[in-house]
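**Q** First the structure, then my questions, so here it is.
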Amino acid sequence: RKEVEQDPGPFNVPEGATVAFNCTYSNSASQSFFWYRQDCRKEPKLLMSVYSSGNEDGRFTAQLNRASQYISLLIRDSKLSDSATYLCVVTGYSNASKIIFGSGTRLSIQP
Amino acid sequence: NAGVMQNPRHLVRRRGQEARLRCSPMKGHSHVYWYRQLPEEGLKFMVYLQKENIIDESGMPKERFSAEFPKEGPSILRIQQVVRGDSAAYFCASSYRDRDSEQYFGPGTRLTVT
């Protein structure tokens, strides 16, 4: 089992729809979680941190489920500009406190 | 505030040459990370440095690759005797605190080995 797993997609979603995807992690001692977006051939950009209580930023909501060991990202009222690859990041487990990026979920918003 | 800066943005090297990639972190950030992204693949962590110290190099290939973050100046990722398989995008990121905090990425250096 991979340390961090994401459904690679692509998710093809009509504009205005709501879309959600998950990221599972294998080590229960993981401490910090983030969502990044990466546009084709560009650098990853921080989208949001994921807190235990969940957090919301405009149309984006992130949740952490420690019991089932996954984080989720919900995008409401999707825009064409939301088309990108979404990467989850898990850090802070084991003595080495590794940084693990998921392979990403591709999202394509259709007009 | 200037973001993370990387140069060069594109680098072409022939097999056997050396490649030097530079990264200047965001102002006030003292933690630097290097990642490699092969075409159509995810980001792979390579090394985590603080000023003058390598904290975690568990993702670095054992040979030909080295990294430093001197007291003054940018962080340098050095690849000696490049091979075609080194062709990739190399991203640098920086953070204000340790690796459990948000990281901000530079635009990357695209290395092509011919």
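Chains as they are written, first to last, in this note's numbering: chain V, 976 to 1086; chain S, 7 to 120.
Note that beta-carbon positions come from the ideal geometry of N, C-alpha and C, so glycine has one too.
From a predicted model like this one, the values you see are computed outputs, not experimental measurements.
1. With 16 other CB atoms within 10 Å as the buried threshold, where does glycine 22 of chain S fall?
2. At 9 Å on the CB atoms, spell out the chain S contacts of glycine 1029 of chain V, in chain order.
3. Please confirm if the region 1052-1062 of chain V is in contact with the region 1071-1086 of chain V, defined as three or more CB-CB distances below 8 Å between the two stretches.
4. Relative to the C-alpha of aspartate 1032 of chain V, which candidate in V/Thr1066, V/Leu1048, V/Gln981 has its C-alpha closest?
5. For tyrosine 110 of chain S, which residues in chain V fall below 7 Å Cβ to Cβ?
6. Using a 10 Å radius around the Cβ and a threshold of 16 neighbouring Cβ atoms, would you call lysine 1020 of chain V buried or exposed?
7. Going by DSSP in three states, aspartate 1032 of chain V sits in which element: helix, strand or coil?
8. Between which two residues does the beta strand (DSSP E) containing glutamine 43 of chain S stretch?
9. Check whether the Cβ atoms of valine 119 of chain S and arginine 90 of chain S lie closer than 8 Å to each other.
10. Over the uninterrupted beta strand (DSSP E) stretch that includes glutamate 74 of chain S, give me the two end residues.
11. Closer than 7 Å by C-beta to serine 93 of chain S: which residues in its own chain qualify, once you throw out the five before and the five after it? Chain order, please.
12. Straight-line CA distance for glutamate 63 of chain S to isoleucine 1074 of chain V?
13. Can you list the residues of chain S that glycine 984 of chain V reaches, using a CB-CB cut of under 9 Å?
14. Please classify glutamate 1098 of chain V as buried or exposed, where buried requires at least 16 neighbouring CB atoms within 10 angstroms.
15. Among residues of its own chain, excluding the 5 on either side of arginine 1051 of chain V, which ones have a beta-carbon nearer than 6 Å to its beta-carbon?
16. Could you check where the beta strand (DSSP E) with alanine 1059 of chain V kicks off and where it finishes?
17. Ignoring anything shorter than 3 residues or poking outside the region 45-95 of chain S, list the beta strand (DSSP E) runs there in chain order.
18. Suppose the cutoff is 6 Å on Cβ atoms and the five residues either side in sequence are ignored; what does the same chain contact list for glycine 1077 of chain V look like?
**A** Well, looking at it:
1. exposed
2. Residues of chain S passing the Cβ test: none, with the nearest at roughly 17 Å.
3. yes
4. V/Leu1048
5. Leu1021
6. exposed
7. strand
8. 37-43
9. yes
10. 71-74
11. Leu117, Thr118, Val119
12. 11 Å
13. Neighbours of glycine 984 of chain V on chain S: none; closest Cβ ~13 Å, over 9 Å.
14. Here chain V covers residues 976 to 1086 and nothing more, so residue 1098 of chain V does not appear.
15. Thr993, Arg1034
16. 1059-1066
17. 49-56, 59-62, 71-74, 81-85
18. Val979, Gln981, Cys998, Leu1062, Cys1063
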